[in-house]
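Here this note's numbering = 1-based position in the sequence shown + 72.
Just so it is clear, CB atoms sit at the ideal spot from N, CA and C, and this is done for glycine as well.
Note that the coordinates shown come from a computational prediction; the quantities given were computed from them, not determined experimentally.
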Amino acid sequence: MFDLNLREGNNEKHEYLAQVGFNGFELGAEGPFSGSNSSSYLVNYRYSTLEVLNKIGVDFGVVAMPKYQDLCFKTVFPVKSGKMSFFGLGGINSILSEDNKKSVLDRYTFGETMGVTGLTYMHRFNPGSMITTTVATSYTHDYANSDVMAGDTIRYKSHDNNRENKFMLHSEWFRKINSRDNITTGINFDILRFEMTDSVYQPALNSFIRRLDVSEQLMLYQSYLQWQHHFSTSFSTVAGLHQQATDLNDEIVAEPRLACKWSISGRHSVNAGAGLHSQMQQRKVYFAQTMTDTINRVYQQTNRRLKFSKSRHFVAGYNFLFAKDHRLKAEWYYQHLYDIPVKRIPSYVSLINYGGSFVFMDTDSLINDGIGYNYGMELTLEKFLSQNYYYLFTLSLFDSRYQASDKHWRNTMYNGLFVVNGLGGYEWVITSRYSLLTDLKATWAGGIRAVPIDLEQSVKTGDAKYLVDQVYEKQYPDYYRFDLRVALKMNMKNSSQQLAIDITNLTSRHNHFFEYYDNDRKEMVEVGQMGILPVLLYRIQF
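So this is what it looks like as structure tokens:
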């Protein structure tokens, strides 16, 4: 539940936070309600926009200017044998992308509003037994509109609008049986009420076709049981069973899981685990519509009986603390994916790639007949903060492939094959009150994959035509990005202040964002991600 991600406020003294920069501002406060108990509050508000930087001449390399604001809070009150907390989180974001050419107007608007609020009660029966119950409700509204006009002629137009209300109940009981055994069991119950519409303009019919038009309610039930046993001080296991079901279809999924850890010594340990994991499809998928009668505009929902997508997970790892402040970690994993929705007729389409691009994916008339796999290894070298510096390096090597209803094995859209991350920081102590902080972060990753566009056929037809025999063989250039932060920290008697500059994308590399066919230019156009973004900010905590 959301409550788990919000920390409690300081219950001993009041603290305040203020930050202002070229990209917006942030305000925060926390402290005790009363000095006689451990009650506390925490509240934080953020507002961000890049319009200020854009107006003073910073070139981001994109035509879209995002803006957002969010608010979160949490209050905690002690009660007999436990505590009660009330929490909330809400936010608004929007992006307008507009490109006015001589003959064509491209306008894309995206936005989302969300809010969640809830109450958590924790009751401790004794030092070894407790129950935690959370009730919460949430609301989300998201939209996406696309308009491409050539004079008075509609080239492309689509409207996507979704609203969802959710009620959530989560209750968990923990029991420590003895020094070797403890049990955790719980339930999750969600009621979802949503309205979704998605339509696209069809020039041949001179009207919109409804890809989605639904007002529905569904329920999701989940329960779990977990047993942890310590065979010795160095070897332990966790065995569990997770179950979930939805009233949308008759499927009930049981997911057994097992993990173990062996601490060979104080510096070496190994771990392994295996389990079955299932996932509902996105709500839109279940209610996608197929037009079965173009004359009378008759639609049919063909996905309502889709089952959960499933995956068998296997993982093994090794940890080595080769110094008091250094750790080396290696992990190997394999995932076998099955019951993935694919088209009924032979096709390359699989929901394993759903949501990964700006190209609309045909999601009606699906069956759970797709498979796939992911396997790889991850290496982590970490130095914990000591002697005024830290660093962390990670290397991930992987392969990700799938098979759709045409029975051909292909790369998934996300099969970049590798990701390398590095970050580190150092603090130069100038005086007892002043210090200079530097932090650097670097990322290098293999490019995502795409379905190539047949430029010759696209020019002939005036619309993008894809080479479906080369699905996801095309790979975009590697992704590189460096971020730098330099800050002057000032520790005063009653406050801590920072004057900093954050530079995102230090080298101003315009990594690939998306690519499309421009019929006016008769060529492919690639859109890059944001270039360098320097932000000067001031932060004070008191």
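- Between Phe159 and Thr189, the CB-CB gap stays under 8 Å.
- Nearest Cα to Leu284 within the set Val272, Leu608, Thr510: Val272.
- Secondary structure at Asp322: coil, using DSSP grouped into helix, strand and coil.
- Comparing alpha carbon positions, the residue from Val607, Phe246, Lys379 closest to Leu320 is Lys379.
- Val501 is positioned such that its CB atom lies no closer than 8 Å to that of Ala517.
- Taking a cut-off of 8 Å for Cβ pairs, the stretch 392 to 404 and the stretch 446 to 464 touch, as three or more such pairs fall below it.
- Counting every other CB atom within 10 Å of its CB across the protein chains shown gives Glu84 a total below 16, marking it as exposed.
- Annotation: the continuous beta strand (DSSP E) that includes Lys561 extends over 551 to 563.
- Sequence-distant Cβ neighbours of Ile263 in its own chain, meaning closer than 6 Å and more than five residues away, are Phe239, Met291.
- A distance below 7 Å between beta-carbons, with the five flanking residues on each side excluded, links His301 to the following residues of its chain, in chain order: Arg252, Asp253, Ser308, Thr309.
- Counting only residues of its own chain and dropping the five nearest sequence neighbours on each side, Val387 has a CB closer than 6 Å to the CB of Gly345, Tyr405.
- Apart from sequence neighbours up to five positions away, the residues of its chain that approach His582 with a beta-carbon distance below 7 Å are Gly133, Gly600, Gln601, Gly603, ordered along the chain.
- When C-alpha distances from Asn198 are compared across Asp214, Phe246, Ala476, the shortest belongs to Phe246.
- Going by DSSP, Thr364 is part of the beta strand (DSSP E) stretching over 361 to 365.
- Cβ-Cβ distances below 6 Å link Leu191 to Phe158, Val207 in the same chain, with the five nearest sequence neighbours on each side left out; the list follows chain order.
- Beta-bridge pairing by DSSP links Val491 to Ser468, Ala517.
- Looking only at Tyr420, Asp365, Ser580, Leu527, the smallest Cα-Cα distance to Tyr552 is reached by Ser580.
- With respect to the 8 Å criterion, Tyr474 and Gly442 are classified as neighbours on the basis of their beta carbons.
- Ser422 counts as buried, since at least 16 other C-beta atoms from the protein chains shown sit within 10 angstroms of its C-beta.
- Taking Thr185 as reference, the option from Ala216, Arg179, Thr205, Tyr113 with the minimal CA-CA separation is Ala216.
- In this structure, DSSP gives Val540 a helical state, which the three-state scheme calls helix.
- Annotation: Ser110 to Ala101 spans about 16 Å, alpha carbon to alpha carbon.
- Of the candidates Lys229, Thr204, Ala572, the residue whose Cα lies closest to the Cα of His242 is Thr204.
- Looking only at Phe554, Lys401, Asp478, Tyr113, the smallest Cα-Cα distance to Arg416 is reached by Asp478.
- Nearest to Gly427 by C-alpha distance, out of Ala522, Arg611, Ser530, is Ala522.
- Residue pairing by DSSP leaves Met602 without any beta bridge partner.
- With contacts defined as CB atoms closer than 8 Å, Arg505 and Asn563 qualify as a contacting pair.
- For Lys382, there is no enclosing alpha helix (DSSP H); the enclosing beta strand (DSSP E) has its first and last residue at 381 to 395.
- Positions of the alpha helix (DSSP H) runs, each at least 4 residues long and wholly inside the stretch 255 to 291, cannot be given because no such run exists.
- By alpha-carbon distance to Ser507, the top candidate from Val92, Lys146, Tyr498, Lys513 is Tyr498.
- Under the three-state reduction of DSSP output, Glu545 falls in the coil class, being neither helix nor strand.
- For Ser341, the beta-bridge partners assigned by DSSP are Ser335, Asn391.
- As for any beta strand (DSSP E) of minimum length 3 sitting wholly inside the stretch 152 to 212, the runs are 154 to 172, 177 to 198, ordered along the chain.
- Across the structure, Ser567 and Gln613 are spaced so that their CA atoms are roughly 6 Å apart.
- Assignment of Thr484 by DSSP, reduced to helix, strand and coil, places it in the coil class.
- Leu393 and Arg355 do not touch by the CB rule: their CB atoms are close to 45 Å apart, not below 8 Å.
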